[in-house]
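Protein chains: 2
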Amino acid sequence: MLILGIDPGSLHTGYGLVEKQGSALTPVDAGRFSCPRDLDLPRRLAHLAARLGELIDRHPPDLAVLETPFHGMNARSLIVLAQARGALLAVVAGRGIEIREYSPAEVKSAVTGNGRADKDQVARMVRLLLSARGEGWASDATDALALAICCAQRLKLDSLAVRAAKPL
Amino acid sequence: MLILGIDPGSLHTGYGLVEKQGSALTPVDAGRFSCPRDLDLPRRLAHLAARLGELIDRHPPDLAVLETPFHGMNARSLIVLAQARGALLAVVAGRGIEIREYSPAEVKSAVTGNGRADKDQVARMVRLLLSARGEGWASDATDALALAICCAQRLKLDSLAVRAAKPL
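One line per chain: the protein sequences are H and U, in this order. With our numbering, the residue at position 26 of the first sequence is 26, and numbering never jumps. With our numbering, the residue at position 96 of the second sequence is 1096, and numbering never jumps.
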């Protein structure tokens, strides 16, 4: 199962693709889409939507994962981020891909065991969990990979819970 | 010149296409894209983006016009509306169409002469200005047409100002 984590931003949107086979997680692709700073917001949104569309066409995921909106943010940042999120969600949902959402605390907790971990701790644990210590991922990319890892763990817990609930 | 006004909403997005020839304004198409209420937000955004794309392909506008975000709104409504706006902006900008933005007060003032006019006054004046009293437009549609009319008036004022600035 291929899981795509997306960390939206109007200048940089992180993405991370993780292949889940049983308990094994393998990074398939990760990085960020960056917009030229001289583009206005509508053109940045179009740029990000086009890049995400290309990525999905190259690696069609079974699930896409985003953080729930929007934590500890001023109104101006929130408006810009929500517009970027909307442009990206329309691309994912337009291709019929199922979407999951987790809060930042759920993601940090799933990856590090601590719902208040900082970005560096998350990045270190992402590399460890994906056996990919040498990769030069930007923090947008490790944040997106953390979302995919969180989703993979939830799927595993859900399937265990289903098994446990079955009569022997 | 064909001008497309867009009034974003996650359930209903209004649109209004106005043809400007000199001072004459003619309505070309107006209405709203409505989403089935049982769709989740990502699928509503994809639905609206697809409908807007089809409209633009049918009637390619020279300019698209939206209201500046976001006036007198609670955080929850604002987040939903901003995501709808982002999905729609990405469609317009992705097709290379120029975008203008005006505040609600500017639009009301352009259409009725009163920056605090209510929805009914706006709707009445839109019908009058477009010589279209009999049309059964929803208020989302008249709001979108008001945006297109506001834009057309600004273009006219801008061209007059350019002419006035030229030496005799």
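Just so you know, even glycine gets a beta-carbon here, dropped at the ideal spot from N, CA and C. Fair warning: this is a prediction, and the values are worked out from it, not measured in the lab.
- Query: Just by C-beta distance, which residues in the segment 1043-1068 of chain U are closer than 7 Å to chain H?
  - Reply: Arg1043, Leu1045, Ala1046, Ala1049 and Ala1050
- Query: Using a C-beta to C-beta distance shorter than 8 Å, which residues of chain H count as neighbours of leucine 1089 of chain U?
  - Reply: Looking up residue 1089 of chain U in the second sequence gives position 89. Ordered by position in chain H, the residues that pass the 8 Å Cβ test against leucine 1089 of chain U are Leu41, Pro42, Leu45, Ala46, Gln83 and Ala87.
- Query: Any idea what DSSP makes of glycine 136 of chain H, helix, strand or coil?
  - Reply: Position 136 of the first sequence, counting from 1, holds the residue named residue 136 of chain H. Residue state, collapsed to three classes: coil.
- 7 Å Cβ cutoff, isoleucine 1097 of chain U in contact with chain H: Looking up residue 1097 of chain U in the second sequence gives position 97. Not one chain H Cβ lies under 7 Å of isoleucine 1097 of chain U.
- Where does the unbroken beta strand (DSSP E) through threonine 112 of chain H begin, and where does it stop? Locating residue 112 of chain H in the first sequence gives position 112, where the first residue counts as 1. Here threonine 112 of chain H belongs to no beta strand (DSSP E); instead the alpha helix (DSSP H) covers 104-112.
- Beta-bridge pairing of alanine 30 of chain H - partner residues as DSSP gives them: By 1-based counting over the first sequence, the position of residue 30 of chain H is 30. Its beta-bridge partners are H:Gly16.
- Message: Looking at the strands, I want to know which residues DSSP matches up with leucine 230 of chain H.
- Response: Past the edges of chain H, shown from 1 to 168, lies residue 230 of chain H, and the structure says nothing about it.
- Nearest candidate by alpha-carbon position, reference valine 92 of chain H, set H:Thr26, H:Glu135 and H:Arg51: To locate residue 92 of chain H, count along the first sequence from 1; it is residue 92. Selected option, being the one with the closest Cα: H:Arg51.
- Message: Quick check: what's the CA-CA separation for lysine 1166 of chain U versus valine 1111 of chain U?
- Response: Counting from one through the second sequence, the residue named residue 1166 of chain U turns up at place 166. Counting from one through the second sequence, the residue named residue 1111 of chain U turns up at place 111. If you take the alpha carbons of lysine 1166 of chain U and valine 1111 of chain U, they lie about 28 Å apart.
- Query: Per DSSP, what kind of secondary structure is isoleucine 79 of chain H in: helix, strand or coil?
  - Reply: For the purposes of this step, residue 79 of chain H is taken as the residue at position 79 of the first sequence. In the structure shown, isoleucine 79 of chain H sits in a helix (DSSP, three-state: H, G or I).
- Give the straight-line distance between the Cα atoms of serine 1159 of chain U and tyrosine 1102 of chain U, rounded to the nearest whole angstrom. To locate residue 1159 of chain U, count along the second sequence from 1; it is residue 159. To locate residue 1102 of chain U, count along the second sequence from 1; it is residue 102. So the alpha carbons of these two residues sit roughly 18 Å apart.
- Message: Just to check my reading of the structure: alanine 1082 of chain U and glutamine 83 of chain H have Cβ atoms closer than 8 Å, yes? What is that Cβ distance to the nearest angstrom?
- Response: On the second sequence, position 82 is the one that residue 1082 of chain U refers to. On the first sequence, position 83 is the one that residue 83 of chain H refers to. Correct: roughly 5 Å between the Cβ atoms.
- Item | Assumed close pair aspartate 1118 of chain U, aspartate 1007 of chain U - CB separation to whole angstroms, cut-off 8 Å | Numbered from its first residue, the second sequence carries residue 1118 of chain U at position 118. Numbered from its first residue, the second sequence carries residue 1007 of chain U at position 7. With a Cβ gap of about 15 Å, aspartate 1118 of chain U and aspartate 1007 of chain U do not count as contacting.
- Message: Please classify alanine 1090 of chain U as buried or exposed, where buried requires at least 16 neighbouring CB atoms within 10 angstroms.
- Response: On the second sequence, residue 1090 of chain U is found 90 positions in, with the first residue counted as 1. Alanine 1090 of chain U should be labelled buried.
- Item | Cβ-Cβ distance between cysteine 1151 of chain U and arginine 1116 of chain U below 7 Å | In the second sequence, counting from the first residue as 1, residue 1151 of chain U sits at position 151. In the second sequence, counting from the first residue as 1, residue 1116 of chain U sits at position 116. No, the pair does not count as a contact, with Cβ atoms beyond the cut-off.
- Does DSSP put alanine 1064 of chain U in a helix, in a strand, or in coil? Within the second sequence, residue 1064 of chain U is the residue found at index 64, counting from 1. Strand, per DSSP.
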